[in-house]
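Listed in order, the protein sequences are those of chains A and B. Numbering-wise (my numbering), the first sequence opens with residue 2 and increments by one. Numbering-wise (my numbering), the second sequence opens with residue 2 and increments by one. The structure under discussion appears below in the form of structure tokens.
There are 2 protein chains.
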Amino acid sequence: MKIIKSIKNAQQILEKEKFKRKTIGFVPTMGALHIGHLSLIRRARKENDLVVVSIFVNPVQFGSKEDFKKYPRAFKKDVLLCKKTGVDFIFYPNAKDMYPKDYKTYVNVEDLSDCLCGKSRPGHFKGVATIVAKLFNIIRPDTAYFGQKDAQQAVIIKKMAQNLNIPLKIKVMPTVREKDGLAMSSRNIYLNAEERKEAVVLYKALKKAKEIIAHGKKNSQEVIAMMSSLIKQSRAVKIDYVSIVDFENLKPVKIIKNRVLVALAVRFGKTRLIDNVIIESVKLKTQSAKLKLKV
Amino acid sequence: MKIIKSIKNAQQILEKEKFKRKTIGFVPTMGALHIGHLSLIRRARKENDLVVVSIFVNPVQFGSKEDFKKYPRAFKKDVLLCKKTGVDFIFYPNAKDMYPKDYKTYVNVEDLSDCLCGKSRPGHFKGVATIVAKLFNIIRPDTAYFGQKDAQQAVIIKKMAQNLNIPLKIKVMPTVREKDGLAMSSRNIYLNAEERKEAVVLYKALKKAKEIIAHGKKNSQEVIAMMSSLIKQSRAVKIDYVSIVDFENLKPVKIIKNRVLVALAVRFGKTRLIDNVIIESVKLKTQSAKLKLKV
Chain A
2 MKIIKSIKNA QQILEKEKFK RKTIGFVPTM GALHIGHLSL IRRARKENDL
52 VVVSIFVNPV QFGSKEDFKK YPRAFKKDVL LCKKTGVDFI FYPNAKDMYP
102 KDYKTYVNVE DLSDCLCGKS RPGHFKGVAT IVAKLFNIIR PDTAYFGQKD
152 AQQAVIIKKM AQNLNIPLKI KVMPTVREKD GLAMSSRNIY LNAEERKEAV
202 VLYKALKKAK EIIAHGKKNS QEVIAMMSSL IKQSRAVKID YVSIVDFENL
252 KPVKIIKNRV LVALAVRFGK TRLIDNVIIE SVKLKTQSAK LKLKV
Chain B
2 MKIIKSIKNA QQILEKEKFK RKTIGFVPTM GALHIGHLSL IRRARKENDL
52 VVVSIFVNPV QFGSKEDFKK YPRAFKKDVL LCKKTGVDFI FYPNAKDMYP
102 KDYKTYVNVE DLSDCLCGKS RPGHFKGVAT IVAKLFNIIR PDTAYFGQKD
152 AQQAVIIKKM AQNLNIPLKI KVMPTVREKD GLAMSSRNIY LNAEERKEAV
202 VLYKALKKAK EIIAHGKKNS QEVIAMMSSL IKQSRAVKID YVSIVDFENL
252 KPVKIIKNRV LVALAVRFGK TRLIDNVIIE SVKLKTQSAK LKLKV
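What follows is the structure, given as structure tokens:
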């Protein structure tokens, strides 16, 4: 495994590999790797000749009052984990090279960036789209892997790659959870013991939503109200949002049909956690049930 | 010579060529080719194994009141010119493929896009940066060629490519002029006979500026005043701007030193023309002159 810090070196080394017809699987990360990241790396390992993991805590996706400085860094541990998981190259650039003095260019996916997490984190997804566009240009992967936990990010990056005609595949892999259901996140380590316990409520609320929708509840507001009241039973939480949106355009849906994303962001003390589930077409299921009955 | 309309085909065909280690020179155009374009194509021809010209009148770089609809289209003539000049591929996509329904992603080079032409054409350079980023992702050229006539565009695209780590060289070639000095432009055909005659004043004003700066004039405001009064002698002109700016960051300079761009945009009737000259460091010349005297 090779650790590459320079942008130019990364481009030159990977171009050589491309000329040898090696396929490149790419997992962009901010480090502090957990089992969720490793599941992406393992998938990339299975599907490609070469696996590149980038580790870069991207300053431009953090608001001025957010946790850029205290975001967990664990480079040595990350390196060991990457080695173990069969990574070929770690791209580990520094911020001065990625955003030199007089840096001016930003990629923005309009509309999709302003809702859900974008509302309370203005500029966040512009920062995400920009760094990912840059990384795609540096690594030029055949396939890039993202986690479903960051659902809005995944939708935005897919749209960005498609819109900008970046020739690669994007795969979004299922959220990996702790035994009690809490979605894996590098930010979970911020939680104190009590908050950690209470955080389980997020997945409970999502599962409950899935359940009642499966049982025929179609009114989004009612589902959201149920989830919110469940979550508020925990002390010291502050709901940022609980939303049910169209899976592709992220617009709120009133009546649940087709594919929807049930997504939430909740603060436990100072820690903001997000989670979501995708719910497949209820209407179609009902229709096929009817069809079955007819037969 | 092959004409490619589909984005996917272009990517597949050119990827194959890249695997054969062919270098690709790329000239993005909006068609209505003139000698200025041909000079870029010839240079690309000299320096690369393959030459790709794109012809696409990019809707997103035109304001709602601008000349998108009447912008000259001359595809058949363009094809003949490309053939004659040794082009290998014309990329000729349609707007629906380039900007499908629900298109949302834009590339913006901040600051540089808001001054000079950006002031009276809000959104123009965002449209330019976006289409060029898309074209770079489709063609993946080794070198792309632009004309100095669109000086601000050239600065913005260089910055964009650098900032987004797009691995290619950008070459900016000198403005090609008519015999009387008018900069070649697809928009020159809009001019009626009288306007065409009067339009010569732009290059006259730029040459005069160069001359008086060479003779030691360093105060930008004085140079601009001289140019403006010269241009205003023509009837029916409306000056959009006459500016002297830093060659790299496009910020106005008060005292002319280092490398500056003297740029202007002027309307003749309904036709807006732009032109510019680069003026190399006056200060350094004076210093080296002094040094020579000392010796």
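C-beta: ideal position from N, C-alpha, C; glycine also.
beta-carbon residue i near the ligand PLP non-hydrogen atom, thresh 6 angstroms
| i | result |
| --- | --- |
| B/VAL58 | For the structure depicted, the ligand PLP is absent and the ligand set is empty, with no information on it obtainable. |
Buried or exposed (CB count within 10 angstroms, at least 16 for buried), residue i
| i | result |
| --- | --- |
| B/LYS71 | exposed |
| A/ASP79 | buried |
| B/ILE4 | exposed |
| B/ILE232 | buried |
| B/LEU82 | buried |
| A/GLU196 | buried |
| A/ASN59 | buried |
| B/ASN306 | Because chain B is modelled from 2 through 296, residue 306 of chain B falls outside the range shown and cannot be assessed. |
| B/ILE190 | exposed |
| B/VAL296 | Residue confidence is low: B/VAL296 scores 38 on pLDDT, short of 50, so the model does not pin down where it sits. Its coordinate-derived value is still stated next. Under this definition B/VAL296 is an exposed residue. |
| A/LYS150 | buried |
| B/HIS38 | buried |
| B/PHE20 | exposed |
| B/ALA162 | buried |
| A/GLY217 | exposed |
| B/LYS159 | buried |
| B/ILE36 | exposed |
7 angstroms Cβ cutoff met for residue i and residue j
| i | j | result |
| --- | --- | --- |
| A/VAL243 | A/PHE269 | no |
| B/LYS57 | B/PRO94 | Note on identity: in this sequence residue 57 of chain B is Phe, with Lys being the wrong assignment. It is a contact, given that the beta carbons lie within the stated cut-off. |
| B/MET185 | B/ARG44 | no |
| A/ILE157 | A/ALA130 | yes |
| A/SER235 | A/GLU199 | yes |
| A/LYS170 | A/TYR146 | no |
| B/ILE256 | B/LYS219 | yes |
| A/ASN164 | B/THR106 | yes |
| B/ILE139 | B/ILE8 | yes |
| B/MET1 | B/LYS84 | This structure gives no information on residue 1 of chain B, because the portion of chain B shown stretches from 2 to 296. |
| A/VAL254 | A/LYS211 | no |
| A/GLU16 | A/LEU51 | no |
| B/ALA264 | B/ALA152 | yes |
| A/THR24 | A/ASN49 | yes |
| B/ILE42 | B/VAL28 | yes |
According to DSSP, residues forming a beta bridge with residue i
| i | result |
| --- | --- |
| A/LEU265 | A/VAL243 and A/ASP276 |
| A/MET174 | A/GLY148 |
| A/ALA184 | A/ARG178 |
| B/VAL28 | B/VAL54 |
| B/VAL110 | A/THR106 |
| A/PHE92 | A/ILE5 and A/SER55 |
| B/LEU220 | Leu is not the amino acid found at residue 220 of chain B; the sequence shown has Asn there. Note: B/ASN220 sits in a beta bridge opposite B/ILE256. |
| B/VAL238 | B/PHE269 |
Candidates the options: closest to residue i by CA position
| i | options | result |
| --- | --- | --- |
| B/GLY26 | B/ARG46, B/ALA200, B/LYS208 and B/ILE8 | B/ARG46 |
| B/VAL201 | B/GLY217, B/ARG178 and B/ALA155 | B/ARG178 |
| B/LEU34 | B/LYS17, B/GLU48 and B/VAL54 | B/VAL54 |
| B/GLY128 | B/ASP115, B/ILE140 and B/ARG188 | B/ASP115 |
| A/ALA75 | A/ALA206, A/MET2 and A/ARG188 | A/ARG188 |
| B/GLY64 | B/GLU212, B/GLY124 and B/PRO73 | B/GLY124 |
| A/ILE280 | A/ALA226, A/PRO60 and A/LEU262 | A/LEU262 |
| A/GLY148 | A/GLU111, A/GLU195, A/SER40 and A/LEU207 | A/SER40 |
| B/LEU207 | B/ALA194, B/ARG197 and B/VAL267 | B/VAL267 |
| B/ILE167 | B/ILE232, B/PRO142 and B/MET228 | B/PRO142 |
| B/PHE92 | B/THR30, B/MET227 and B/VAL278 | B/THR30 |
| B/LYS258 | B/ALA264, B/SER221, B/THR272 and B/LEU265 | B/SER221 |
| B/ASN250 | B/GLY217, B/LYS180 and B/VAL110 | B/VAL110 |
| A/LEU136 | A/ILE275, A/THR272, A/ALA264 and A/ALA11 | A/ALA11 |
| B/ASP276 | B/LEU113, B/LEU203 and B/ASP89 | B/LEU203 |
| B/LEU274 | B/PHE20, B/ARG122 and B/GLN13 | B/ARG122 |
| B/VAL224 | B/GLU67, B/LYS180, B/ILE245 and B/ILE36 | B/ILE245 |
| A/LEU113 | B/GLU67, B/ASP103 and B/GLY119 | B/ASP103 |
| B/PHE90 | B/ILE213, B/GLY182, B/LYS6 and B/LEU117 | B/LYS6 |
| A/ALA215 | A/ARG22, A/ARG260 and A/PHE126 | A/ARG260 |
| B/LYS77 | B/CYS118, B/VAL88, B/GLY32 and B/LYS66 | B/GLY32 |
- [ ] Select from the region 152-173 of chain B all residues with a C-beta closer than 7 angstroms to any C-beta belonging to chain A, and list them in chain order.
- [x] LYS160, MET161, ASN164, LEU165, ASN166, ILE167 and PRO168
Handout entry: Short-range partners of chain A found in the region 97-117 of chain B, where Cβ spacing is below 9 angstroms
Key = MET99, TYR100, PRO101, ASP103, TYR104, LYS105, THR106, TYR107, VAL108, ASN109, VAL110, GLU111, ASP112, LEU113 and SER114
Interface positions of the region 122-141 of chain B facing chain A (Cβ-Cβ less than 7 angstroms), listed along the chain
ALA134, LYS135, ASN138 and ILE139
Under 8 angstroms, CB to CB, which of the residues in the region 6-29 of chain A have a partner in chain B? ILE8, GLN12, GLU16, PHE20 and ARG22
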